[in-house]
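*Asks:* Residue numbers for the sequence shown follow this note's numbering, beginning at 14 and rising by one.
Note that beta-carbon positions come from the ideal geometry of N, C-alpha and C, so glycine has one too.
Computed from a predicted structure; not experimentally measured.
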Amino acid sequence: MSLSLFAIFLSGMAGGFAATLMPCIFPMLPLTVSYFTKTTTNRSKAVNKAMLYGLSIIVIYVLLGLAVTVLFGADALNSLSTNGILNFLFFIILLAFAISLFGGFDINLPSKWVNRVDRMGDQAGIAGLFFMAATLALVSFSCTGPIVGTLLVQAAANGRLLAPAIGMFGFSLALALPFTIFALAPNALNALPRSGKWLVNFKVILGFLELALSLKFLSNVDLSYHYNLLDRDVFLVLWITIAALLGFYLLGKLRFAYDEETKTISVPRLLLSIVVFSFTLYMIPGLWGAPLKSIAAFLPPPSSQDFNLTVNSVSRVKSGTVRSPKKYEQLFKAPLGLDAFFDYDEALAYAKKCQKPLLIDFTGHACVNCRKMEETVWPDKQVFAYLNEKFVLVQLYVDDKTPLSAGEQYTSRFSHKHIETLGQKWSDLQASKFNANSQPYYAILDNTGHLLIAPGGADYDVSSFSRFLKKGIDVFKP
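#1: Decide if Leu344 is buried, meaning its Cβ has at least 16 other Cβ atoms within 10 Å, or exposed.
#2: Go through its chain and collect everything with a Cβ distance to Arg329's Cβ below 6 Å, but skip five positions before and after it.
#3: So, with DSSP's three-state summary, where would you put Asp441?
#4: In terms of DSSP beta bridges, what is Ala456 paired with?
#5: Give the straight-line distance between the Cα atoms of Lys430 and Tyr423, rounded to the nearest whole angstrom.
#6: Got a sec, what are the start and stop residues for the beta strand (DSSP E) Val405 sits in?
#7: Closest by CA to Pro298, which one among Leu435, Gly220, Ala176, Pro315?
#8: If you follow the alpha helix (DSSP H) that Leu236 is in, where does it begin and where does it stop?
#9: Please tell me whether Thr376 and Leu409 are closer than 8 Å, where the distance is taken between their beta carbons.
#10: Report the rounded CA-to-CA distance for Tyr66 versus Glu223, giving the unit in angstroms.
#11: Contact check, Leu243 vs Asp235 under 8 Å by CB: the rounded distance?
#12: Please report how far the alpha carbon of Leu219 lies from the alpha carbon of Thr461, in whole angstroms.
#13: Nearest-angstrom Cα distance between Lys365 and Glu421?
#14: Say whether chain E places a C-beta atom closer than 8 Å to the C-beta of Lys266.
#15: Would you call Thr10 buried or exposed, if buried means 16 or more other Cβ atoms sit within 10 Å of its Cβ?
#16: When the Cα atoms are used, what is the spatial distance from Ser425 to Ile105?
#17: Using only CA atoms, which one of Gly180, His463, Ile308 lies nearest to Leu23?
#18: Measuring straight from C-alpha to C-alpha, what distance separates Thr277 and Asn241?
#19: Look at the Cβ atom of Gly28, then the Cβ atom of Ile160, and state whether they are nearer than 8 Å.
#20: Tell me whether Trp391 is buried or exposed, calling it buried when 16 or more other Cβ atoms sit within 10 Å of its Cβ.
#21: Going straight from the alpha carbon of Ser13 to that of Asn100, what length do you get?
#22: Taking the Cβ atom as the reference point for each residue, do Met26 and Phe184 lie within a distance shorter than 8 Å?
#23: In chain order, what residues of the same chain lie with their CB nearer than 6 Å to the CB of Val75, ignoring the 5 residues before and after it?
#24: Within its chain, find whatever has a CB closer than 8 Å to the CB of Leu68; leave out the 5 residues flanking it on each side and keep chain order.
#25: May I have the straight-line CA-CA distance separating Asp7 from Met64, to the nearest angstrom?
#26: Give the straight-line distance between the Cα atoms of Leu79 and Ile70, rounded to the nearest whole angstrom.
#27: Which value, in whole angstroms, describes the spacing of the CA atoms of Lys266 and Ile287?
#28: Is it right to say Pro338 is buried, meaning 16 or more other beta carbons lie within 10 angstroms of its own, or is it exposed?
#29: Using 8 Å as the threshold, is the C-beta distance between Leu249 and Met296 below it?
#30: My understanding is that Tyr262 touches Val217, with C-beta atoms under 8 Å, so please give their C-beta distance in whole angstroms.
#31: I need the DSSP call for Asp393, collapsed to helix, strand or coil.
#32: Using the Cβ count rule (16 or more neighbours within 10 Å means buried), how would you classify Phe481?
#33: In whole angstroms, what separates the C-alpha of Asp459 from that of Leu300?
#34: If you measure between the beta carbons of Val407 and Tyr357, is that distance less than 8 Å?
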């Protein structure tokens with residue numbers, strides 16, 4: 014799932030604030046702050062200790078993010094989002110995290126690691142504060158592990174070199190801020206709610222979110238290998254079920270083994286349950302083809318849905334057009350009923366024949382931004398008219414795992430790698446011809462295969478993307 018580095022940072026911060034409310038960390042806030050304020054009578058020294066403690070937390074988690082980068086390397090990180098085995102492994106990992114958050118089992122590090130680091134935390138000075146922070150990271154791993162693991166999985170699958178470190182920086186910054194802020198203003202601790210079963214409830218809520226997120230990685234595998242087991246309607250049924258169960262849990266109608274019977278519910282739980290059930294009802298029309306634009310980027314494409322009542326309202330291919338069979342059309346379906354090609358050479362030949370510019374859409378089954386463009390920008394009346402009437406559209410899936418025949422396989426002159434799958438072929442074309450590897454990537458070519466204007470990426474401003482297409486049309490000369 015491709016996200017900007019800033020989005021990864023914000024996701025990391027959200028995870029860090031969520032981790033602060035976990036049962037392993039929240040009760041430690043007053044204890045840790047009290048340690049800093051009571052072990053020294055000098056106010057400035059106490060504040061310095063707290064700030065160094067917070068900085069140590071940031072350093073520890075950023076080092077963890079850098080370790081992921083060093084372990085996999087830039088090239089491997091870029092291919093993680095399209096690797097079927099790793100995507101399935103990510104699904105299993107997130108599923109295990111969800112079960113752990115539900116209370117199925119605890120994820121703990123060896124106690125001797127914790128004890129050893131804890132003893133090192135007794136040292137004086139900066140080293141002691143660093144190991145105190147390391148002790149927090151180890152002791153709280155049963156709570157933070159699922160959150161940290163999820164963030165690292167998302168960041169690594171993003172494919173950007175610095176994504177894991179940026180994600181961990183956001184996480185650690187949010188985790189360190191409360192310790193530092195309350196050390197600066199200890200009296201603010203009195204405003205914190207008391208520890209209680211609400212911490213356990215929060216942990217379970219995160220478990221439901223982890224479970225829903227895990228299905229996205231399973232969907233990536235299903236789409237890339239054309240298993241057709243997790244189509245859009247099946248995916249939505251699972252998300253609707255998960256959301257409904259979360260709503261019932263918030264109302265106290267669903268309990269886990271360690272939950273007490275809830276005779277009354279708090280106002281926050283009631284309000285949150287209303288939000289969850291509203292979201293559940295919002296998704297239901299999607300079973301009959303409703304676009305669900307707010308979450309469309311995370312769903313399998315509508316073309317994978319077996320039953321779609323809206324297909325006739327959005328499929329506006331010109332009447333009277335004789336649709337000829339196309340290469341690979343048994344594997345792919347264009348969005349919105351567009352009459353697209355799925356092979357570059359075939360599309361270029363047809364563009365020459367009908368004297369139209371060629372619009373290449375380098376896309377991917379696992380590309381979140383690609384789905385968002387197709388569901389929120391392409392349906393615009395003007396944009397659709399351009400795509401449907403003014404261009405020959407070819408969609409090239411760079412993460413498709415369909416094997417090439419022995420005669421079609423080759424060694425890339427650009428990367429010197431052996432190209433064995435359809436996705437590798439289109440990825441090699443994008444890298445060698447346009448020196449790019451991100452998706453979506455839109456290139457407008459003339460009938461000789463040369464660029465007409467500078468290529469573009471995801472642009473959710475409908476007017477801006479429409480101008481991009483119009484510029485290509487105006488520059489084209491048959």
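*Replies:* With the given structure in hand:
#1: Position 331 of the sequence shown, counted from the start, is the residue given in the question as residue 344. Answer is exposed; the Cβ neighbour count stays below 16.
#2: On the sequence shown, position 316 is the one that residue 329 refers to. Reliability of the predicted coordinates at Arg329 is poor, the pLDDT of 48 falling under 50, and no value is obtained from them.
#3: Taking the first residue of the sequence shown as 1, we reach residue 441 at position 428. If DSSP states are grouped into helix, strand and coil, Asp441 belongs with the helices.
#4: Along the sequence shown, read from residue 1 onward, the residue named residue 456 stands at position 443. Paired residues: Ile373.
#5: For the purposes of this step, residue 430 is taken as the residue at position 417 of the sequence shown. For the purposes of this step, residue 423 is taken as the residue at position 410 of the sequence shown. About 8 Å.
#6: Sequence index remark: in the sequence shown, residue 405 carries index 392 (1-based). Run containing Val405: 405-410, per the beta strand (DSSP E) assignment.
#7: Position 285 of the sequence shown, counted from the start, is the residue given in the question as residue 298. It is Pro315 whose Cα lies nearest to the Cα of Pro298.
#8: As a first step, residue 236 must be located in the sequence shown, where it is residue number 223. From DSSP, the alpha helix (DSSP H) with Leu236 extends over 210-237.
#9: Within the sequence shown, the letter at position 363 stands for residue 376. Within the sequence shown, the letter at position 396 stands for residue 409. Against a cut-off of 8 Å, the Cβ pair of Leu409 and Thr376 comes out as a contact.
#10: The residue labelled residue 66 in the question sits at position 53 within the sequence shown. The residue labelled residue 223 in the question sits at position 210 within the sequence shown. Distance between the alpha carbons of Tyr66 and Glu223 is about 29 Å.
#11: One-based indexing of the sequence shown puts residue 243 at position 230. One-based indexing of the sequence shown puts residue 235 at position 222. Going by Cβ atoms, the distance from Leu243 to Asp235 rounds to 4 Å, so yes, they are a contact pair.
#12: Here residue 219 refers to the residue found at position 206 of the sequence shown. Here residue 461 refers to the residue found at position 448 of the sequence shown. Taking the straight line joining both Cα atoms gives about 53 Å.
#13: Here the question's residue 365 lines up with position 352 in the sequence shown. Here the question's residue 421 lines up with position 408 in the sequence shown. If you take the alpha carbons of Lys365 and Glu421, they lie about 24 Å apart.
#14: Judged by its chain identifiers, the structure shown contains no chain E, having just a single protein chain.
#15: The structure shown does not extend to residue 10, since the chain is modelled only from 14 to 491, so the question has no answer here.
#16: Numbered from its first residue, the sequence shown carries residue 425 at position 412. Numbered from its first residue, the sequence shown carries residue 105 at position 92. Going from the Cα of Ser425 to the Cα of Ile105 covers about 34 Å.
#17: Sequence index remark: in the sequence shown, residue 23 carries index 10 (1-based). Comparing Cα positions, the closest option is Gly180.
#18: Locating residue 277 in the sequence shown gives position 264, where the first residue counts as 1. Locating residue 241 in the sequence shown gives position 228, where the first residue counts as 1. Those two C-alpha atoms are separated by around 44 Å.
#19: Looking up residue 28 in the sequence shown gives position 15. Looking up residue 160 in the sequence shown gives position 147. Yes. Within cutoff.
#20: Looking up residue 391 in the sequence shown gives position 378. Under this definition Trp391 is a buried residue.
#21: As displayed, the chain neither begins before 14 nor continues past 491, which places residue 13 out of reach and without an answer.
#22: For the purposes of this step, residue 26 is taken as residue 13 along the sequence shown, with counting starting at 1. For the purposes of this step, residue 184 is taken as residue 171 along the sequence shown, with counting starting at 1. It is a contact, given that the beta carbons lie within the stated cut-off.
#23: Sequence index remark: in the sequence shown, residue 75 carries index 62 (1-based). So the list reads Ala178, Met181, Phe182, once near-sequence residues are dropped.
#24: Numbered from its first residue, the sequence shown carries residue 68 at position 55. Result list for Leu68: Ala189, in chain order.
#25: The displayed coordinates of the chain run from 14 to 491. Any statement about residue 7 would go beyond what the structure contains.
#26: As a working note, residue 79 is residue 66 in the sequence shown. As a working note, residue 70 is residue 57 in the sequence shown. Looking at the two C-alpha atoms, the distance is approximately 14 Å.
#27: Position 253 of the sequence shown, counted from the start, is the residue given in the question as residue 266. Position 274 of the sequence shown, counted from the start, is the residue given in the question as residue 287. Computed Cα separation, rounded: 14 Å.
#28: As a position in the sequence shown, residue 338 is number 325, starting the count at 1. Exposed is the call here.
#29: Reading the sequence shown from its first residue, position 236 is the one you call residue 249. Reading the sequence shown from its first residue, position 283 is the one you call residue 296. The answer is yes: Cβ separation under 8 Å.
#30: Within the sequence shown, the letter at position 249 stands for residue 262. Within the sequence shown, the letter at position 204 stands for residue 217. Contact flag correct, Cβ pair sits at about 6 Å.
#31: As a working mapping, residue 393 is identified with position 380 in the sequence shown. Three-state DSSP puts Asp393 in coil, outside helix and strand.
#32: What you label residue 481 is simply residue 468 of the sequence shown in a count that begins at 1. Looking at its Cβ environment, which holds 16 or more other Cβ atoms inside 10 Å, Phe481 is buried.
#33: Taking the sequence shown and counting its residues from 1, the one referred to as residue 459 is at position 446. Taking the sequence shown and counting its residues from 1, the one referred to as residue 300 is at position 287. Roughly 40 Å between the two C-alpha positions.
#34: Along the sequence shown, read from residue 1 onward, the residue named residue 407 stands at position 394. Along the sequence shown, read from residue 1 onward, the residue named residue 357 stands at position 344. Yes; because the gap between Cβ atoms is below 8 Å, this pair is in contact.
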